[in-house]
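In what follows, a single structure is set out as structure tokens and then discussed.
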Amino acid sequence: MASSVSKDSAAVDEDGSLILQPYWINWKKAFLLFHWHVKHRRSVDQDERIIASKSGLRVGWTTKHALDFGIVQVGKRMFVLDLPQDTKRMNFRLFNLTKRYYTALLLWSLDMERRNDPFLSPDTELNFTVIYKVGRAPSRVVHALKSPIFDSRPSRATVIPQLSTAAALAGTLLIKLVWRAYTIRRNFRRVRAQGIPMLPHSWMTGHLSVMMEFRKDYSGDVNIGNFHPWIIKDYHKYFPDLDHCHPVIYLDLWPVLRSPIVAAYKNTVAAQFTQVKKLDKHQISLDFMTPLTKGKDISTLQGEEWKKWRSWFNPGFSSRNVSTMVPELIEEIQVFEENLRQRTGPNGSWGSVFQFRNATTALTFDIIVRAVLDEGLHEQTNPNGGPLRIALAELLRLMGIRQAFSIGYLLPWQSKALDRNNEIVRNQLYPKIYRSLESGLKPSRKKTVLTLALTNLAEEAGGRPVDPATYPSMMETIEGNIKAFLVAGHETTASALCFLFKVLQDDPAALAKAAETLSKSPQLLSSLRWRPPCGAASLRKFDVEEAWDEWDAIRGIEGKKDLVRGQRLYVSGDGIGHPKDGMPVHVRLRQK
Numbered sequence: 170m171a172s173s174v175s176k177d178s179a180a181v182d183e184d185g186s187l188i189l190q191p192y193w194i195n196w197k198k199a200f201l202l203f204h205w206h207v208k209h210r211r212s213v214d215q216d217e218r219i220i221a222s223k224s225g226l227r228v229g230w231t232t233k234h235a236l237d238f239g240i241v242q243v244g245k246r247m248f249v250l251d252l253p254q255d256t257k258r259m260n261f262r263l264f265n266l267t268k269r270y271y272t273a274l275l276l277w278s279l280d281m282e283r284r285n286d287p288f289l290s291p292d293t294e295l296n297f298t299v300i301y302k303v304g305r306a307p308s309r310v311v312h313a314l315k316s317p318i319f320d321s322r323p324s325r326a327t328v329i330p331q332l333s334t335a336a337a338l339a340g341t342l343l344i345k346l347v348w349r350a351y352t353i354r355r356n357f358r359r360v361r362a363q364g365i366p367m368l369p370h371s372w373m374t375g376h377l378s379v380m381m382e383f384r385k386d387y388s389g390d391v392n393i394g395n396f397h398p399w400i401i402k403d404y405h406k407y408f409p410d411l412d413h414c415h416p417v418i419y420l421d422l423w424p425v426l427r428s429p430i431v432a433a434y435k436n437t438v439a440a441q442f443t444q445v446k447k448l449d450k451h452q453i454s455l456d457f458m459t460p461l462t463k464g465k466d467i468s469t470l471q472g473e474e475w476k477k478w479r480s481w482f483n484p485g486f487s488s489r490n491v492s493t494m495v496p497e498l499i500e501e502i503q504v505f506e507e508n509l510r511q512r513t514g515p516n517g518s519w520g521s522v523f524q525f526r527n528a529t530t531a532l533t534f535d536i537i538v539r540a541v542l543d544e545g546l547h548e549q550t551n552p553n554g555g556p557l558r559i560a561l562a563e564l565l566r567l568m569g570i571r572q573a574f575s576i577g578y579l580l581p582w583q584s585k586a587l588d589r590n591n592e593i594v595r596n597q598l599y600p601k602i603y604r605s606l607e608s609g610l611k612p613s614r615k616k617t618v619l620t621l622a623l624t625n626l627a628e629e630a631g632g633r634p635v636d637p638a639t640y641p642s643m644m645e646t647i648e649g650n651i652k653a654f655l656v657a658g659h660e661t662t663a664s665a666l667c668f669l670f671k672v673l674q675d676d677p678a679a680l681a682k683a684a685e686t687l688s689k690s691p692q693l694l695s696s697l698r699w700r701p702p703c704g705a706a707s708l709r710k711f712d713v714e715e716a717w718d719e720w721d722a723i724r725g726i727e728g729k730k731d732l733v734r735g736q737r738l739y740v741s742g743d744g745i746g747h748p749k750d751g752m753p754v755h756v757r758l759r760q761k
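If you want the numbering used here, it's the position in the sequence shown, counting the first as 1, plus 169.
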């Protein structure tokens, strides 16, 4: 059968009938895509159907769900079929599956309105396996359609245009990358030309060479936050003409980071762009929170939307409202102290080594859940951890991996894990939100994040009962804010408590004075903010000391150890940093 290539990249037979010549798709990739959809299939409405006729392939539906795409299996070949709402065009695409996000390579478009060019031949029987997506859950439907036999290998006439197109796309992408690099590097050169001190800058690598020197000095798992004390300590190496570190340092880390950074090392400088003139939040912060909240939380919202939500949550940060949570705070600290007591040795001796951050994380998580949801999850007495805490911890880990690469993408299985854990968190939070709505928002002295959000939402609705289906965007923002408060309220605080004990451990005189003062006047704790007392209250009863030798013996670590500024304990990890190895410690009961 002879064929030629038309403008639409489809082969036309001698008699004028249209013959589809799809690309030769890698079977293994297609099978994985096929398997994922079969695994997550569910039943669909009967009204949603695919209609075949001699004049062409038609897609029809009568429900509110549109058929997003489909996968057509022809023998041992598989093709991804895009089914847009405009049924006049049918697109064939090859998808690279990354959970719900699909990177599509357009193969070609076929005009379905070509008269006298029938797409389906009445003489040839061929079974199609069509997988299509309805809403969020893909489904599987098998149809027997009449169709011509497809030639799965592209002809030489189609390969040449394909290669030319690919080369053009690659060239365009390269030009865009070069232009982006040149633009960023040029802006830094302009700043330096104004006489502003700057780190050694290269047209090729920007400031990546400086970052490499930082990485060379420290272990591979050191958190990027350690860069700032490192540059302040070694400022004379890069600013020999200055007698102190410059208060502003510009960092060009493209393409590792997509946007330039301005680091302020003086509070008066930081106030210029956070208070005097509030600038937009940095893209790095926005990108980091997107997988968790989709940009719908108080830490990423900007402008009037941020002001509205900030005013909603302000009452929750008042000293009067915090004081209403003191009873719950004391309950959780008592559980924390009992856990420490169980870790001590007999007669005032040191107990076995354990990771202190696990204990502080469970403590701060229980406290923040009380403040956000007014519920007790009892994480401190759950050795395995509850689903909400575990899912949030996994989300933070994946967010850190995602932030470490400028492209901002995860591998398919990581994206799948991201969505799965977001779904777990949603399933944990939504029943609590719905329960609060159904039970009614009763006046209370204690204002949690959830009640503040729902109360203001009810006022915005004019006092009418709030139906989540009526306010889908608002409910997503409430969910995003709850996630943000849960993460920000426990993760960094848990690490801060570890380093608080570390600082006091390294200064026995200060530790003894603090313990003596609190023993004589425990009411002084009320003059502190609500977070530090979580650890300060325990100073009167327990000694906490790092136990790296025991930790190394348990793990079989020998030879050279990782150090940062001469310390085994440092901030490590991508994204939000955490104490190295969870801060291994042992505890003993303080002897009176």
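Note that the Cβ used here is the ideal one computed from N, Cα and C, for glycine as well. This one's a predicted model, so the numbers in the text were calculated from it and none came from an experiment.
Contact check for residue 737 against residue 749 passes: the beta carbons are separated by less than 8 angstroms. For residue 723, the closest C-alpha among the options 475, 522, 567 and 357 is that of 522. Less than 8 angstroms divides the Cβ of residue 561 from the Cβ of residue 655.
When C-alpha distances from residue 474 are compared across 491, 510 and 449, the shortest belongs to 449. 431 is the residue among 532, 682, 431 and 689 whose C-alpha sits nearest the C-alpha of residue 415. For residue 598, the closest alpha carbon among the candidates 454, 528 and 558 is that of 558.
In the three-state reduction of the DSSP assignment, residue 604 falls in the helix class, which pools H, G and I. Under DSSP, the beta-bridge partners assigned to residue 375 are 371. In the same chain as residue 663, and ignoring 5 residues on each side of it, the C-beta atoms closer than 7 angstroms to its own belong to 526, 529, 530 and 533, in chain order. Here the C-alpha atom of residue 442 lies approximately 40 angstroms from the C-alpha atom of residue 505.
At a Cβ-Cβ threshold of 8 angstroms, residue 543 and residue 646 do not count as neighbours. Here the alpha carbons of residue 594 and residue 457 stand approximately 18 angstroms from one another.
Inter-residue distance for residue 503 and residue 669 is about 19 angstroms (C-alpha atoms, whole angstroms). Contact annotation, residue 739 with residue 395: C-beta distance approximately 7 angstroms; criterion of less than 8 angstroms satisfied.
Residue pairing by DSSP puts residue 712 in a beta bridge opposite 757. Per DSSP, the beta bridge partners of residue 432 are 418. Residue 512 and residue 520 have their alpha carbons spaced roughly 6 angstroms apart.
Note that the region 350 to 362 touches the region 418 to 438; at least 3 beta-carbon pairs, one per stretch, sit closer than 8 angstroms.
Membership of residue 647 in the alpha helix (DSSP H) is indicated by the continuous run 641 to 675. Taken through DSSP and simplified to helix, strand or coil, residue 408 comes out as coil.
When the five nearest sequence neighbours on each side are left out, the beta carbons in the same chain lying within less than 6 angstroms of the beta carbon of residue 407 are those of 368, in order along the chain.
Just so you know, the alpha carbons of residue 553 and residue 711 end up roughly 25 angstroms apart. Distance from the CA atom of residue 600 to the CA atom of residue 507, rounded to whole angstroms, is 31 angstroms.
One Cα belongs to residue 565, the other to residue 340, and the distance between them is close to 36 angstroms. The DSSP-derived three-state label of residue 637 is coil. Counting the other Cβ atoms within 10 Å of the Cβ of residue 467 gives 16 or more, which makes it buried. For residue 384 and residue 619, the gap between their C-alpha atoms comes out near 42 angstroms. For residue 568, the uninterrupted alpha helix (DSSP H) run begins and ends at 556 to 572, by DSSP. At least 8 angstroms separates the beta-carbon of residue 524 from that of residue 380.
Rounded to the nearest angstrom, the gap between the Cα atoms of residue 732 and residue 745 is 19 angstroms. Nearest C-alpha to residue 464 among 720, 653 and 726: 653.
Around the beta carbon of residue 757, 16 or more other beta carbons lie within 10 angstroms, which makes this residue buried.
DSSP lists 741 as the beta-bridge partner residues of residue 747. Residue environment analysis places residue 571 among the buried positions, since at least 16 neighbouring C-beta atoms fall within 10 angstroms of its C-beta.
A direct Cα-to-Cα measurement between residue 715 and residue 672 gives close to 11 angstroms. For residue 479, the enclosing alpha helix (DSSP H) has its first and last residue at 472 to 482.
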